[in-house]
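In terms of numbering that gives the first Met the number 0, the sequence shown is residues 0 to 362.
Read the structure below first, then the notes.
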Amino acid sequence: MSSTKTIGIIGGGQLGQMMAISAIYMGHKVITLDPASDCPSSRVSEVIAASYDDVDALRQLADCCDVLTYEFENVDADGLDAVIKDGQLPQGTELLRISQNRIFEKDFLSNKAQVTVAPYKIVTSSLDLEDIDLSKNYVLKTATGGYDGHGQKVITSAEDLEEANALANSAECVLEEFVNFDLEISVIVSGNGKDVTVFPVQENIHRNNILSKTIVPARISDRLADRAKAIAVKIAEQLNLSGTLCVEMFATADDIIVNEIAPRPHNSGHYSIEACDFSQFDTHILGVLGAPLPAINLHEPAVMLNVLGQHVEAAERYVTENPSAHLHMYGKLEAKHNRKMGHVTLFSNEPDNVVEFGKGIDF
Ligand code: AMP
Numbered sequence: 000m001s002s003t004k005t006i007g008i009i010g011g012g013q014l015g016q017m018m019a020i021s022a023i024y025m026g027h028k029v030i031t032l033d034p035a036s037d038c039p040s041s042r043v044s045e046v047i048a049a050s051y052d053d054v055d056a057l058r059q060l061a062d063c064c065d066v067l068t069y070e071f072e073n074v075d076a077d078g079l080d081a082v083i084k085d086g087q088l089p090q091g092t093e094l095l096r097i098s099q100n101r102i103f104e105k106d107f108l109s110n111k112a113q114v115t116v117a118p119y120k121i122v123t124s125s126l127d128l129e130d131i132d133l134s135k136n137y138v139l140k141t142a143t144g145g146y147d148g149h150g151q152k153v154i155t156s157a158e159d160l161e162e163a164n165a166l167a168n169s170a171e172c173v174l175e176e177f178v179n180f181d182l183e184i185s186v187i188v189s190g191n192g193k194d195v196t197v198f199p200v201q202e203n204i205h206r207n208n209i210l211s212k213t214i215v216p217a218r219i220s221d222r223l224a225d226r227a228k229a230i231a232v233k234i235a236e237q238l239n240l241s242g243t244l245c246v247e248m249f250a251t252a253d254d255i256i257v258n259e260i261a262p263r264p265h266n267s268g269h270y271s272i273e274a275c276d277f278s279q280f281d282t283h284i285l286g287v288l289g290a291p292l293p294a295i296n297l298h299e300p301a302v303m304l305n306v307l308g309q310h311v312e313a314a315e316r317y318v319t320e321n322p323s324a325h326l327h328m329y330g331k332l333e334a335k336h337n338r339k340m341g342h343v344t345l346f347s348n349e350p351d352n353v354v355e356f357g358k359g360i361d362f
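Written out as structure tokens, the structure is:
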């Protein structure tokens, strides 16, 4: 049997593009499904231009690929179930369903994986908010469809309830206690259906709810870092994980609380392309192919800065002045405000001195 596979990727944004690059240098062929024929992946793969819920297009992709994967979690799981052959989607559709819905996700994390999450309750209408104890703070999140802080309302006083009630009456929600965290962290873990490999702990700084900067290793104690990695491994093992998963967590003074999972390579793991001996995209491809997984080593402490639409010129200037920084541009044609256009990774022992693009201008 040939070791060269045809891999079908659902979604041709930057994550699909970087997965494809890893797959290609390992000798595989990639076909991408994306609504836009000029998506970032079009530079490195064939593209089937169709919407993600187009079952005929999903079938066409499945028919010409050995293995399928996805770059984002909002893929039509039922549509995929209808077209995939046995074992063709090693990540499975169950993982998609869990990560598409915060209610399923919380249930999985707290009851099946048995990791610590913020105390929560399911909210089906504003009636469920009537008796909340306002001596505590909360975050109300829609169960589906939220991203980058959309579909969320922080509740710190009775004044916030009007908006929270409206959100609760518009969609099923989860009400979480607000965590007074010291740092936001994430851990990338990859599996091949049997074994897992885990990356160093990443410290994430968000601006306007969008990841702005990742610092690796995270500035937490070794004890907490070990605990964070153990939590990610526990979740991966509970899932019999294939491919790459990101576990987003909060670090407090003495505890790690899991916020959410993303069943794919993640923006906070991009540093691994240069800073580790294998990237999160390499291990994703190895994992979905069921290949043995390497242990991961971090070469040197690293910082990643996101390049949003309004930062493109600043980033280009930065790498002219700092040629040892790695600029990645995803090939998106239009540089819209807050759109992720690329990222920069550099090695640094002084992460506070690595200034985010746009600091003092757009945040
Ligand atoms: P999420 O969509 O769940 O990733 O939330 C977006 C951001 O909101 C997170 O990165 C945190 O900064 C913040 N956040 C979410 N949930 C909580 C929580 N329970 N307590 C404190 N901050 C939170």
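For glycine and all other residues, C-beta sits at the position ideal for the given N, C-alpha and C.
| Asked | Found |
| --- | --- |
| Are the segment 269 to 282 and the segment 122 to 130 touching, with three or more C-beta to C-beta distances below 8 angstroms? | no |
| Which full runs of the beta strand (DSSP E) of 3+ residues lie inside the segment 180 to 263, going along the chain? | 182 to 191, 195 to 197, 201 to 206, 209 to 215, 241 to 250, 255 to 261 |
| At a cut of 8 angstroms, does the segment 168 to 187 reach the segment 196 to 204 through at least three beta carbon pairs? | yes |
| Can you name the start and end residues of the beta strand (DSSP E) that G357 belongs to? | It is not in any beta strand (DSSP E) - G357 carries neither H nor E in the DSSP assignment. |
| Look up E158 in the DSSP assignment and say whether it is helix, strand or coil. | helix |
| Tell me C275's beta-bridge partners as DSSP assigns them. | L297 |
| Hey, how far is the Cα of N305 from the Cα of G11? | 19 angstroms |
| Shorter than 6 angstroms, the distance from the beta carbon of E175 to the closest heavy atom of ligand 1, or not? | yes |
| Can you tell me whether N305 is helix, strand or coil according to DSSP? | strand |
| Pick helix, strand or coil for E72, following the three-state DSSP scheme. | coil |
| Output the distance between the C-alpha atoms of L32 and G359, rounded to the nearest integer angstrom. | 39 angstroms |
| Does the beta-carbon of G144 have 16 or more other beta-carbons within 10 angstroms, so that it is buried, or is it exposed? | exposed |
| Would you check if there are 3 or more beta carbon pairs closer than 8 angstroms linking the segment 219 to 229 to the segment 293 to 313? | no |
| Could you give the residue range of the alpha helix (DSSP H) that holds E93? | 93 to 99 |
| For F177, does the count of other Cβ atoms within 10 angstroms reach 16, so buried, or fall short, so exposed? | exposed |
| Is E259 near ligand 1, with its Cβ less than 6 angstroms from a heavy atom? | yes |
| Closer than 6 angstroms: is that where the CB of G148 sits relative to any heavy atom of ligand 1? | yes |
| Could you name the residues of the same chain whose beta carbon sits closer than 7 angstroms to that of N258, not counting the 5 residues immediately before and after it, in chain order? | E247, M248, F249 |
| Mind checking which residues open and close the beta strand (DSSP E) that includes V29? | 28 to 33 |
| Is E158 buried or exposed, if buried means 16 or more other CB atoms sit within 10 Å of its CB? | exposed |
| Does any C-beta atom of chain C lie closer than 7 angstroms to the C-beta of V306? | Annotation note: the requested chain C is absent from the structure, which comprises a single protein chain. |
| Could you check the C-alpha separation between G190 and D130 for me, to the nearest Å? | 43 angstroms |
| Heavy atom of ligand 1 less than 6 angstroms from the Cβ of V186, yes or no? | no |
| V43 and I20 look like a contact to me (Cβ under 8 angstroms); what is the Cβ gap, rounded to whole Å? | 6 angstroms |
| Taking C-alpha atoms, which residue in L326, P216, S156 lies nearest to L297? | P216 |
| Is it right to say A290 is buried, meaning 16 or more other beta carbons lie within 10 angstroms of its own, or is it exposed? | exposed |
| If you draw a straight line from the C-alpha of K193 to the C-alpha of C38, how long is it? | 33 angstroms |
| Quick check: what's the CA-CA separation for V318 versus V173? | 42 angstroms |
| Here's the rule I'm using: 16 or more other beta-carbon atoms within 10 Å means buried, otherwise exposed. How should M0 be labelled? | Low confidence applies here, because M0 scores a pLDDT of 49, under 50, leaving its location unreliable; read the following figure in that light. Counting Cβ neighbours within 10 Å, M0 comes out exposed, since fewer than 16 surround it. |
| Determine the DSSP secondary structure at K339, reduced to helix, strand or coil. | strand |
| Looking at the secondary structure, which residues open and close the alpha helix (DSSP H) in which A48 lies? | No alpha helix (DSSP H) holds A48; the beta strand (DSSP E) holding it covers 45 to 48. |
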